[in-house]
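Chain order of the listed sequences is A and B. Under full-length UniProt numbering, the residue at position 102 of the first sequence is numbered 102, and the numbers go up by one with no gaps. Under full-length UniProt numbering, the residue at position 93 of the second sequence is numbered 93, and the numbers go up by one with no gaps. Here a beta-carbon is modelled for each residue, glycine too, at the ideal position from N, C-alpha and C. Report on one structure; see the data block that follows.
Protein chains: 2
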Amino acid sequence: MKEIEQRLTENGVRPTAMRMLIYKYLAQKDAAIALTDIENAFAKADRTTLFRTLKTFEQKGVVHQIDDGTGVQKYALCEPGCNCELEQDLHLHFHCTNCDETVCLTEHKIPHINLPEGYITEDANLVLKGICEKCSGQ
Amino acid sequence: MKEIEQRLTENGVRPTAMRMLIYKYLAQKDAAIALTDIENAFAKADRTTLFRTLKTFEQKGVVHQIDDGTGVQKYALCEPGCNCELEQDLHLHFHCTNCDETVCLTEHKIPHINLPEGYITEDANLVLKGICEKCSGQ
DNA sequence: ATAAGGATGCAACGGAAGTGCATTTATTGT
DNA sequence: ACAATAAATGCACTTCCGTTGCATCCTTAT
């Protein structure tokens, strides 16, 4: 719990009890988390608080937002030292169409792509979809 | 108009007047189109019809759906002969954060990625974000 | 001509993101 | 320690978009 407090402080996020719990929750899940998930896990807390916590986390670089094509925003903790920068931190995500979970594949960075003149790339999102290792039974 | 009719028929879509108009509309736009866009362009038609038309188109391989991270589903015509297959037809998309338009870069296929054992890839979505050629002034 | 199936239109629902404002909790300065 | 200030939380409400059920209209085949 101490490490969480430190991590948040480092990123300029005031470590309230709620925030630490949410961080902890995110940390113990290996899949990306939607607002609704957190909402269910913390029945007592208000949705707005959770929503704003995630937004704060995102803004301060504690988590990154993932758009896996399901239409709901999901979030996952950033790696330590992550700056969410293209070609460096941005990795691909895998969405399993069977269990509906989305995981970070942090080892797999988004490959560099040469765009035509005039295009300036600032961000990228690569999602592969299919069957994850859990569901494929391997 | 005759070509449109033929194209739809080929794909197993009954070429009604409405559908041909929507196809035409999609064809003359170079950016991906959201339901709302079509809705505004065809004020007389009902949203449901437009919605279902897009879904039919998608299902029959006339258009492909694009998730550019804005939270709204967009659609663009498939290339002739497209089968929406990975490593073959799936191309990347570019979303301009300035003009909010998303375009297909059909020349740029999604690079092959070697996933760990157990992952079975069936689909992919790669969106680059930044400033498009129009907006960067080149 | 009529029956059947598909296309369209209308109304309504539901989920998720987001905002304004009041209230509570924490922090700072004296 | 206390007031003043700022930040965090909670409540109510809104909006947007996707989606579905059902009725009606149109087209096609027999």
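Tell whether a beta-carbon distance below 8 angstroms holds between residue i and residue j.
i: residue 95 of chain A; j: residue 108 of chain A; result: no
i: residue 53 of chain B; j: residue 33 of chain B; result: no
i: residue 24 of chain A; j: residue 123 of chain B; result: no
i: residue 125 of chain A; j: residue 127 of chain B; result: yes
i: residue 136 of chain B; j: residue 120 of chain A; result: yes
i: residue 68 of chain B; j: residue 102 of chain B; result: yes
i: residue 131 of chain A; j: residue 97 of chain A; result: yes
i: residue 39 of chain B; j: residue 20 of chain B; result: no
Assign residue i to one of two classes, buried (16 or more other C-beta atoms within 10 Å of its C-beta) or exposed (fewer than that).
i: residue 73 of chain A; result: buried
i: residue 99 of chain A; result: exposed
i: residue 93 of chain A; result: buried
i: residue 31 of chain A; result: buried
i: residue 76 of chain A; result: buried
Residues of chain B with CB closer than 9 angstroms to the CB of residue i, please, in chain order.
i: residue 132 of chain A; result: 118, 119, 120
Could you tell me which chain B residues have their CB closer than 8 angstroms to the CB of residue i, listed as they occur along the chain?
i: residue 89 of chain A; result: The premise fails here: residue 89 of chain A is roughly 15 angstroms from chain B at the closest Cβ pair, so nothing lies under 8 angstroms.
i: residue 81 of chain A; result: Near residue 81 of chain A there are no residues of chain B at all, since even the closest Cβ is about 23 angstroms away, more than 8 angstroms.
Applying a beta-carbon distance threshold of less than 7 angstroms, which residues of chain A neighbour residue i?
i: residue 33 of chain B; result: Those within 7 angstroms of residue 33 of chain B in chain A number zero; the least Cβ separation is about 18 angstroms.
i: residue 108 of chain B; result: 113
Which residues of chain B have a Cβ atom closer than 7 angstroms to the Cβ of residue i, listed in chain order?
i: residue 21 of chain A; result: Near residue 21 of chain A there are no residues of chain B at all, since even the closest Cβ is about 27 angstroms away, more than 7 angstroms.
In chain A, what lies closer than 9 angstroms to residue i by C-beta?
i: residue 129 of chain B; result: 121, 122, 123, 124, 125
i: residue 94 of chain B; result: 115, 119, 121
Since residue i contacts residue j with CB under 8 angstroms, what's their CB separation in whole angstroms?
i: residue 49 of chain A; j: residue 1 of chain A; result: Actually they are not in contact, since the Cβ atoms of residue 49 of chain A and residue 1 of chain A sit about 19 angstroms apart, beyond 8 angstroms.
i: residue 133 of chain A; j: residue 116 of chain B; result: 7 angstroms
i: residue 26 of chain A; j: residue 15 of chain A; result: With a Cβ gap of about 14 angstroms, residue 26 of chain A and residue 15 of chain A do not count as contacting.
Taking C-beta pairs closer than 8 angstroms, name the residues in chain A that residue i reaches, listed in chain order.
i: residue 30 of chain B; result: Within chain A, no residue comes near residue 30 of chain B; the closest Cβ sits about 14 angstroms away, beyond 8 angstroms.
i: residue 69 of chain B; result: 67, 125
Below 8 angstroms, can you find three or more Cβ-Cβ pairs linking the region 39 to 46 of chain B to the region 57 to 73 of chain B? no
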